[in-house]
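Note sheet for the following structure.
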Amino acid sequence: MSSKENVAVHQLLALLESRYAIRVLWALKDGHAQTFRLLQDSVGGVTPNTLNTRLKELREADLLTHGSDGYSVTPTGADLLKRLSDLQAFAGKWSVAQAKKIK
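According to the numbering used here, the sequence shown is numbered sequentially starting from 189.
Shown next as C-alpha coordinates:
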(Lines of atoms letter the chains of each structure in order from A; the text may use other names.)
(Lines give C-alpha, C1' and ligand atoms only; values in the text may rest on other atoms or scores of the structure.)
Protein backbone atom coordinates (compact mmCIF):
# COMPACT_ATOMS: atom_id res chain seq x y z
CA MET A 189 0.00 0.00 0.00
CA SER A 190 1.37 3.40 -0.93
CA SER A 191 1.81 6.16 1.60
CA LYS A 192 -1.09 8.08 -0.01
CA GLU A 193 -3.32 5.05 0.43
CA ASN A 194 -2.18 4.70 4.03
CA VAL A 195 -3.03 8.33 4.71
CA ALA A 196 -6.48 7.88 3.16
CA VAL A 197 -7.17 4.77 5.24
CA HIS A 198 -6.02 6.52 8.42
CA GLN A 199 -8.22 9.54 7.66
CA LEU A 200 -11.27 7.36 7.05
CA LEU A 201 -10.66 5.28 10.17
CA ALA A 202 -10.19 8.42 12.26
CA LEU A 203 -13.57 9.68 11.07
CA LEU A 204 -15.29 6.34 11.66
CA GLU A 205 -13.69 5.98 15.10
CA SER A 206 -15.39 9.17 16.22
CA ARG A 207 -18.02 8.39 18.80
CA TYR A 208 -21.29 7.27 17.17
CA ALA A 209 -20.09 7.86 13.58
CA ILE A 210 -20.49 4.25 12.46
CA ARG A 211 -23.75 3.93 14.38
CA VAL A 212 -25.16 6.95 12.52
CA LEU A 213 -24.15 5.48 9.17
CA TRP A 214 -25.47 2.05 10.16
CA ALA A 215 -28.82 3.57 11.15
CA LEU A 216 -29.15 4.87 7.59
CA LYS A 217 -27.98 1.71 5.79
CA ASP A 218 -31.47 0.82 4.58
CA GLY A 219 -31.40 3.86 2.30
CA HIS A 220 -34.35 5.64 3.93
CA ALA A 221 -33.90 9.20 5.15
CA GLN A 222 -34.31 9.90 8.85
CA THR A 223 -35.00 13.10 10.70
CA PHE A 224 -32.68 14.28 13.45
CA ARG A 225 -35.04 12.93 16.13
CA LEU A 226 -35.41 9.54 14.42
CA LEU A 227 -31.65 9.27 14.06
CA GLN A 228 -31.17 10.14 17.70
CA ASP A 229 -33.58 7.34 18.64
CA SER A 230 -31.99 4.90 16.16
CA VAL A 231 -28.48 5.54 17.42
CA GLY A 232 -29.49 5.52 21.08
CA GLY A 233 -27.76 7.35 23.88
CA VAL A 234 -26.28 10.11 21.74
CA THR A 235 -26.65 13.67 22.93
CA PRO A 236 -28.02 16.26 20.49
CA ASN A 237 -24.67 18.09 20.51
CA THR A 238 -22.69 14.94 19.69
CA LEU A 239 -25.16 13.92 16.98
CA ASN A 240 -24.95 17.38 15.41
CA THR A 241 -21.16 17.16 15.40
CA ARG A 242 -21.15 13.68 13.80
CA LEU A 243 -23.71 14.71 11.19
CA LYS A 244 -21.64 17.74 10.28
CA GLU A 245 -18.45 15.66 9.98
CA LEU A 246 -20.16 12.94 7.92
CA ARG A 247 -21.71 15.54 5.62
CA GLU A 248 -18.34 17.27 5.15
CA ALA A 249 -16.87 13.85 4.26
CA ASP A 250 -19.61 13.41 1.61
CA LEU A 251 -20.97 10.32 3.35
CA LEU A 252 -24.31 11.91 4.33
CA THR A 253 -26.61 14.50 2.89
CA HIS A 254 -29.54 16.41 4.34
CA GLY A 255 -32.71 16.95 2.37
CA SER A 256 -36.36 17.72 3.00
CA ASP A 257 -36.96 14.15 4.28
CA GLY A 258 -34.01 14.22 6.66
CA TYR A 259 -30.54 12.70 6.59
CA SER A 260 -29.55 9.99 4.15
CA VAL A 261 -26.38 8.42 2.83
CA THR A 262 -24.79 9.72 -0.34
CA PRO A 263 -23.67 7.32 -3.07
CA THR A 264 -20.22 7.42 -1.44
CA GLY A 265 -21.75 6.61 1.93
CA ALA A 266 -23.76 3.75 0.40
CA ASP A 267 -20.55 2.36 -1.13
CA LEU A 268 -18.83 2.48 2.26
CA LEU A 269 -21.80 0.78 3.95
CA LYS A 270 -21.79 -1.94 1.30
CA ARG A 271 -18.15 -2.62 2.08
CA LEU A 272 -18.77 -2.52 5.84
CA SER A 273 -21.65 -4.99 5.52
CA ASP A 274 -19.04 -7.74 5.22
CA LEU A 275 -18.33 -7.03 8.88
CA GLN A 276 -21.70 -8.51 9.84
CA ALA A 277 -20.77 -11.93 8.50
CA PHE A 278 -17.30 -11.70 9.98
CA ALA A 279 -18.64 -10.55 13.36
CA GLY A 280 -21.05 -13.48 13.52
CA LYS A 281 -18.29 -16.02 12.88
CA TRP A 282 -15.90 -14.24 15.22
CA SER A 283 -18.48 -14.08 18.01
CA VAL A 284 -19.15 -17.83 17.78
CA ALA A 285 -15.41 -18.54 17.88
CA GLN A 286 -14.99 -16.29 20.92
CA ALA A 287 -17.84 -18.01 22.73
CA LYS A 288 -16.24 -21.41 22.09
CA LYS A 289 -12.97 -20.18 23.60
CA ILE A 290 -14.73 -19.18 26.81
CA LYS A 291 -16.36 -22.60 27.34
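Even glycine gets a Cβ: it sits at the ideal position worked out from N, Cα and C.
Because the structure is a prediction, the values reported are computed rather than measured.
Practice task
Find out if the Cβ-Cβ distance for the pair Glu245, Leu272 is shorter than 9 Å.
Solution key: no
Problem - N-terminal and C-terminal residue of the alpha helix (DSSP H) that Thr235 is part of - result: No alpha helix (DSSP H) holds Thr235; DSSP gives it neither H nor E.
Problem - Coarse secondary structure for Leu216, derived from DSSP in three states - result: coil
Practice task
Under the assumption that Thr262 contacts Asp250 (Cβ atoms under 8 Å), give the Cβ distance between them as a whole number of angstroms.
Solution key: With a Cβ gap of about 6 Å, Thr262 and Asp250 count as contacting.
Exercise for the section: Please check the pair Gln222 and Leu216, which I expect to be a contact at CB under 8 Å, by giving their CB distance rounded to whole angstroms. Expected result: That pair is a contact at about 6 Å.
Practice task
Count the other CB atoms, across all protein chains shown, that sit within 10 Å of the CB of Leu200; report buried if there are 16 or more and exposed otherwise.
Solution key: exposed
Problem - Candidates Gly233, Thr264, Thr235 and Asp257: closest to Glu248 by CA position - result: Here the closest residue by C-alpha is Thr264.
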